[in-house]
Amino acid sequence: MKKNYFLAATVGGALIGATLSMLHKDTRQTQLAAVKRAFGGAGTQLSAVKQDPKGRFEELRALYTDNQETIHNLIDDVKDLAESLRK
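In short: position in the sequence shown from 1, add 145, done, that's our numbering.
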């Protein structure tokens with residue numbers, strides 16, 4: 146099996162570059178803030194489900210009921226699109 150040194154060097158260089166850039170305080174704070182924004186809501190949602198799973202289920206059921214017509218219209222549109230692509 147041949148080793149792909151170009152790929153290994155590219156990945157290695159990217160890792161070294163990312164590590165060195167994280168040493169810069171402003172870059173590190175910006176990246177950490179972006180990660181917290183991206184994944185911060187996940188913990189909140191999980192804790193809400195843990196505290197009141199039945200209440201969360203009812204909220205989601207109400208949301209589904211409110212949007213049921215739109216959901217069915219989208220399903221019909223996707224079926225029509227799939228059918229037209231098959232032709």
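For glycine and all other residues, C-beta sits at the position ideal for the given N, C-alpha and C.
As the structure is a computational prediction, the values presented were derived from the model and not from experiment.
Check: Identify the continuous alpha helix (DSSP H) that holds LYS148 and give its terminal residues.; Outcome: Looking at the DSSP string, LYS148 is not in any alpha helix (DSSP H), and its letter there is neither H nor E.
Check: So for ASP197, helix, strand or coil by DSSP?; Outcome: coil
Check: Could you compute how far the alpha carbon of ALA193 sits from the alpha carbon of LEU165?; Outcome: 38 Å
Check: I need the boundaries of the alpha helix (DSSP H) containing HIS217, first residue and last residue.; Outcome: 213-231
Check: What number of angstroms, rounded off, separates the C-alpha of ARG201 from the C-alpha of GLY185?; Outcome: 19 Å
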